[in-house]
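Visitor: Okay, so the sequence shown: first residue is 1 according to full-length UniProt numbering, each after it adds one. Ideal placement from N, C-alpha and C gives every residue a C-beta, glycine not left out. None of these values were measured; they are calculated from a predicted model. Here it is: the structure, laid out below.
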Amino acid sequence: MSSTATPALSVLDLVPVRTGQTSAQAIASSMALAATADRLGYRRYWFAEHHNMPAVASTTPPVLVAAAASRTSRIRVGSGGVMLPNHSPLVVAEQFAALEAIAPSRIDLGLGRAPGSDPVITQLLRQSGTTSDVERFPENVRDIAALVSPAGAGIRFSSGGTYDVHATPAATGAPELWLLGSSDYSAQLAASLGLPYVFANHFSGQGLERALELYRTRFQPSEEHPAPRTFLTVNAIAAPTSEEAEERSLPNQLTMMRLRTNKPLIPAETVEQARASAATVDAMGAQIMASARSTWFVGTGEAVASQIRAFAAEHGVDEVMVSPIAGAYDGEPLDASPGRAQTLDLIAAAAA
Numbered sequence: 001m002s003s004t005a006t007p008a009l010s011v012l013d014l015v016p017v018r019t020g021q022t023s024a025q026a027i028a029s030s031m032a033l034a035a036t037a038d039r040l041g042y043r044r045y046w047f048a049e050h051h052n053m054p055a056v057a058s059t060t061p062p063v064l065v066a067a068a069a070s071r072t073s074r075i076r077v078g079s080g081g082v083m084l085p086n087h088s089p090l091v092v093a094e095q096f097a098a099l100e101a102i103a104p105s106r107i108d109l110g111l112g113r114a115p116g117s118d119p120v121i122t123q124l125l126r127q128s129g130t131t132s133d134v135e136r137f138p139e140n141v142r143d144i145a146a147l148v149s150p151a152g153a154g155i156r157f158s159s160g161g162t163y164d165v166h167a168t169p170a171a172t173g174a175p176e177l178w179l180l181g182s183s184d185y186s187a188q189l190a191a192s193l194g195l196p197y198v199f200a201n202h203f204s205g206q207g208l209e210r211a212l213e214l215y216r217t218r219f220q221p222s223e224e225h226p227a228p229r230t231f232l233t234v235n236a237i238a239a240p241t242s243e244e245a246e247e248r249s250l251p252n253q254l255t256m257m258r259l260r261t262n263k264p265l266i267p268a269e270t271v272e273q274a275r276a277s278a279a280t281v282d283a284m285g286a287q288i289m290a291s292a293r294s295t296w297f298v299g300t301g302e303a304v305a306s307q308i309r310a311f312a313a314e315h316g317v318d319e320v321m322v323s324p325i326a327g328a329y330d331g332e333p334l335d336a337s338p339g340r341a342q343t344l345d346l347i348a349a350a351a352a
């Protein structure tokens, strides 16, 4: 892909929660943002899975996908992703088969194997014994791929008999399956299964080039995917001026600093609150904030769109998924995200 070609644009949403917001207001804000992305021509809109995080309300992707699908008409909606070890593979397959029936040819099922939380919450998520084993992740991915297909899956017993299982009684289509990750393991697994792959570059970016090389060179063609297919995620903030964009990056810089220094996580501060907090951060904290900021695309719409084009060309992808992480100013409505909506609007306009 040339550095002047514009890749398709998509959105990753963690449903951020800021100071003073309720979960209901945060979710309402994200539903409005999904409608904005739909209107602006973005290709897909995915919800992440995280648990027990004060600044993140995206705990149950299938529920959010259903809500977003009902508020949009064109854009693909999906999970980015469902953390499979937290769930029963059959339940996941049934949820997304139902979503596919509700919004035909618009549903993506992104699967990951991280817990999406701390060890205590991970134990609570899995204590029922009905979730899937991390060690069986490859097998469970294969099972889900079969279960969501119209043909269903056949379970073979040691006696030689089989038992047919369908995620939904009369499917006419299936959600599109994607494997997510940020390691060599996920890249190699996606390649061996012949599945599309997304590298979670928005999280750290480390190991990106090697993961893409492993995925592309070891890809085993499948019936649905004869060639490797991948895209990348980025954190982005766009504003009318670079100064505003930088200001709107402050709340998330502080969140990343707290996350990486094991400090208690809190709802995202407003820009004004973050400005005051940043003034009290020590040298190590300031270095972490600067390091996080250096990996983000922040600036005017034209500047961010140019960065996205160059990034896509460098890594040979024709789609980039934007995680809009713009913070909010005091006084902005709690049931909307003007900074995040502005980011999507300005990037789409500059990329047109």
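#1: Where SER337 and ALA171 are concerned, what is the direct C-alpha to C-alpha distance, given to the nearest angstrom?
#2: By DSSP's criteria, ALA78 is part of a beta bridge. Which residues make up the other side?
#3: Report the residue from ARG18, GLY78, ALA146 whose alpha carbon sits nearest the alpha carbon of GLU223.
#4: Exposed or buried, which one is GLY116 when buried takes at least 16 other CB atoms within 10 Å?
#5: Measure the alpha-carbon distance for ALA35 versus GLY78 and round it to whole angstroms.
#6: Under a Cβ-count criterion, where at least 16 other Cβ atoms within 10 Å of its own Cβ denotes burial, should PRO175 be classed as buried or exposed?
#7: Please give the ranges of any beta strand (DSSP E) in the region 202-279, keeping only runs that are unbroken, at least 3 residues long and fully inside the region.
#8: For a test of the three-state rule: what should DSSP assign to PHE297, helix, strand or coil?
#9: With distances taken from CA atoms, which of GLU209, ALA313, ILE347, SER323 is nearest ALA5?
#10: In angstroms, rounded to a whole number, what distance separates the CA positions of MET284 and LYS263?
#11: Given that a residue counts as buried once 16 or more other Cβ atoms are within 10 Å of its Cβ, and exposed if not, what is ILE288?
#12: Starting from ALA55, trace the alpha helix (DSSP H) in both directions and tell me its first and last residue.
#13: Quick one: what's got a C-beta closer than 6 Å to GLY80's C-beta in the same chain, skipping five residues either side?
#14: Can you give me the C-alpha to C-alpha distance between TYR197 and HIS225, rounded to a whole angstrom?
#15: How would you label TYR329, buried or exposed, when you count the other beta carbons within 10 angstroms and need 16 or more for buried?
#16: Please state whether the Cβ-Cβ distance between GLY327 and VAL271 is less than 7 Å.
Guide: Taking the geometry as given:
#1: Straight-line spacing of the CA atoms in SER337 and ALA171 works out to 37 Å.
#2: The residue you asked about is not Ala; residue 78 is Gly in the sequence shown. Per DSSP, TRP46, ASP108.
#3: Checked all of ARG18, GLY78, ALA146; the closest Cα to GLU223 is ALA146.
#4: Caution is warranted here: a pLDDT of 46 is assigned to GLY116, below 50, making its placement in the model unreliable, and the coordinate value is therefore given only provisionally. GLY116 comes out buried.
#5: For the pair ALA35 and GLY78, the Cα-to-Cα distance works out to about 14 Å.
#6: When all chains shown are included, PRO175 counts as buried.
#7: Whole beta strand (DSSP E) segments, 3+ residues: 230-238.
#8: Of the three classes helix, strand and coil, the one that applies to PHE297 here is strand, per DSSP.
#9: Ranking the options by Cα distance to ALA5, first place goes to ALA313.
#10: Going by the C-alpha atoms only, they are around 13 Å apart.
#11: So ILE288 counts as buried.
#12: If you look at ALA55, you'll find it isn't in any alpha helix (DSSP H); DSSP assigns it neither H nor E.
#13: The residues LEU12, TRP46, ALA48, GLY110, in chain order, have a CB closer than 6 Å to that of GLY80 in the same chain once the five nearest residues on each side in sequence are set aside.
#14: Straight-line Cα distance between these residues: approximately 11 Å.
#15: Classification for TYR329: exposed.
#16: Cβ atoms of GLY327 and VAL271: closer than 7 Å.
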